[in-house]
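Chains as they are written, first to last, in the numbering used here: chain A, 3 to 204; chain B, 3 to 204.
A virtual CB, placed ideally from N, CA and C, is assigned to each residue, including glycine.
Here the structure is a predicted model, which means the values were calculated and not measured.
See structure below.
Protein chains: 2
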Amino acid sequence: MPRLEKIKYEPISVRELFLEMKNLSELMIDLAYSAALFNDKGLAEDVLELENRVDTLTYLLEMEIMIAARDAEDAEALVGVSKVASAADKISDAAADIAAIVLQNIGVHPIVSEVFEKVEERLTRAKVNEDSILIGKQIGELDLAARMGVDVIAIRRNQQWIIDPKGGEQIENGDVIIARGAPHGSKGFKALAEGKLRKLED
Amino acid sequence: MPRLEKIKYEPISVRELFLEMKNLSELMIDLAYSAALFNDKGLAEDVLELENRVDTLTYLLEMEIMIAARDAEDAEALVGVSKVASAADKISDAAADIAAIVLQNIGVHPIVSEVFEKVEERLTRAKVNEDSILIGKQIGELDLAARMGVDVIAIRRNQQWIIDPKGGEQIENGDVIIARGAPHGSKGFKALAEGKLRKLED
């Protein structure tokens, strides 16, 4: 069972909360598929952690909506937001169900792997090692998309997730980076993060 | 309430059933977002129809798995497939929840539209009219991706769905085509389907 966060009201805009929920739930599906495909327990644990985060966001959003709705008209306008947010929560639950299979050692049947393999661009999870030349570099200056066809979609740093990081974000030692890309580029990127490859390809 | 299909056992491979479930559930999420964004009741109805199909597939898959599992070892290997299929079913439920908001006239709050708008490449739903120059053409020969940056991802024909149609698939009068593409191309494609544009751009 993932540890449950204590929910405390924080003033965050409904828009911001909802955007994060939608992005996280979509990322979680991709991560869960990749976790199942590669039987990757680390990725599966990330999914459960994100599921925790989405649950917290759901509570915060519901509270924010309650506060925002002053009369029947407001409530009518906002009930749709609450419904769509519940749908995003349901999607993240589904992703967590898939991740749980990986963690429970139920094993992923070849049929599942085969179907998930159709995903052309896969996700990779790479932990930045102290030897990595990526440390201190900004994501933008690395120009990973052009160089190796790889796109950084999330960074996990000290229990926090940075989703869709900006180009100015600096990579730190110990970061766990989730990247999307074709197999060859992903392999190279993982080697860079783990300090096994010490030079950027041109 | 969507009409419920009577479920009757048909021998379809677990792999085929599962692949269709996964593809449909993903398509449904995209369709539901587009339905909400454009307040498009036609798209929303498509989502509910597909949800019906996914429910049927879920039953067929469970039956197929029961038949395939002859002993404890088989059952252990197949329980993961059943779990992942349930997750796909849950995702399709979430999509149906979003579609229901559109059909119930709850209205889509600007916050929701704004967040869904971030999806760069949107889905379009176009009904092929008898005047359309697309009729009788194979999808492949139209070369829509190169010409207008549009990709046909599904065709609804006589209550049936053709998901991810092959290049040899011929377009028929009355087809409802779901295409993905940037706004300009999508608009052109819709005009072609509706017979308002009578010439393919080069």
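Neighbour-count burial assignment, residue i, 16 or more Cβ in a 10 Å radius
i: A:Ala184; result: exposed
i: B:Lys134; result: Note that residue 134 of chain B corresponds to Ser in the displayed sequence, not to Lys. Label assigned to B:Ser134: buried.
i: A:Ile31; result: buried
i: B:Lys201; result: exposed
i: B:Asp99; result: buried
i: B:Ser219; result: What is shown of chain B runs 3 to 204, which leaves residue 219 of chain B out entirely.
i: A:Ile69; result: exposed
i: B:Gly190; result: buried
i: B:Ala148; result: exposed
i: B:Glu143; result: exposed
i: B:Arg72; result: exposed
i: A:Asp166; result: exposed
i: B:Asp76; result: exposed
i: A:Ala74; result: exposed
i: B:Lys168; result: exposed
i: B:Glu66; result: buried
i: B:Lys198; result: exposed
i: B:Lys24; result: buried
i: B:Glu22; result: buried
Beta-bridge pairing of residue i - partner residues as DSSP gives them
i: B:Gln1; result: No information on residue 1 of chain B is available, as it lies outside the stretch 3 to 204 that chain B covers here.
i: A:Gln106; result: BP columns for A:Gln106 are empty, so no partner.
i: A:Val81; result: Paired residue(s): none; A:Val81 is not in a bridge.
i: A:Asp153; result: A:Arg182
Residue i, enclosing alpha helix (DSSP H) - first and last residue
i: A:Ala128; result: Element bounds for A:Ala128: not the alpha helix (DSSP H) but the beta strand (DSSP E), Arg124 to Lys129.
i: B:Ile67; result: Lys43 to Ala70
i: A:Glu143; result: Ile141 to Leu144
i: B:Ser115; result: Pro112 to Phe118
Extent of the continuous beta strand (DSSP E) to which residue i belongs
i: B:Arg17; result: Note, B:Arg17: premise wrong, no beta strand (DSSP E); alpha helix (DSSP H) at Val16 to Phe40.
i: B:Arg182; result: Val178 to Gly183
Under 8 Å between C-beta atoms of residue i and residue j
i: A:Phe20; j: A:Val83; result: yes
i: B:Ile137; j: B:Glu174; result: yes
i: B:Ala79; j: A:His186; result: no
i: A:Lys92; j: B:Asp95; result: yes
i: B:Ser15; j: B:Val56; result: no
i: B:Ile180; j: B:Arg124; result: no
i: A:Asp48; j: A:Leu33; result: yes
i: B:Ile157; j: B:Ile164; result: yes
i: A:Val104; j: A:Ala37; result: yes
i: A:Ala97; j: A:Glu53; result: yes
i: B:Lys129; j: B:Ala195; result: yes
i: A:Ile113; j: B:Arg159; result: no
i: A:Leu62; j: A:Glu12; result: yes
Open item on the list: Output needed in chain order: residues of the region 33-59 of chain B with a Cβ under 9 Å from some Cβ in chain A.
Closed with: Ala34, Tyr35 and Ala38
TODO: Determine which residues of the region 16-28 of chain B have a Cβ less than 7 Å from any Cβ of chain A, and write them out in chain order.
DONE: Val16, Arg17, Phe20, Leu21 and Lys24
Open item on the list: Give me the subset of the region 135-156 of chain A whose CB atoms are less than 8 Å from a CB atom of chain B, sorted by chain position.
Closed with: none
TODO: Quick one: which residues of the region 155-169 of chain A get their C-beta closer than 8 Å to a C-beta of chain B? List them in chain order.
DONE: none
TODO: Please list the residues of the region 59-91 of chain B that have a C-beta atom closer than 7 Å to any C-beta atom in chain A, keeping them in chain order.
DONE: Ala79, Leu80, Val81, Gly82, Val83, Lys85, Val86, Ser88 and Ala89
Open item on the list: At a CB distance below 9 Å, what residues from the region 169-191 of chain A approach chain B? Give them in sequence order.
Closed with: none
Task: Chain-ordered residues of the region 100-115 of chain B with a beta carbon less than 7 Å from chain A - done: Ile100, Ile103, Ile108, Gly109, Val110, His111, Ile113 and Val114
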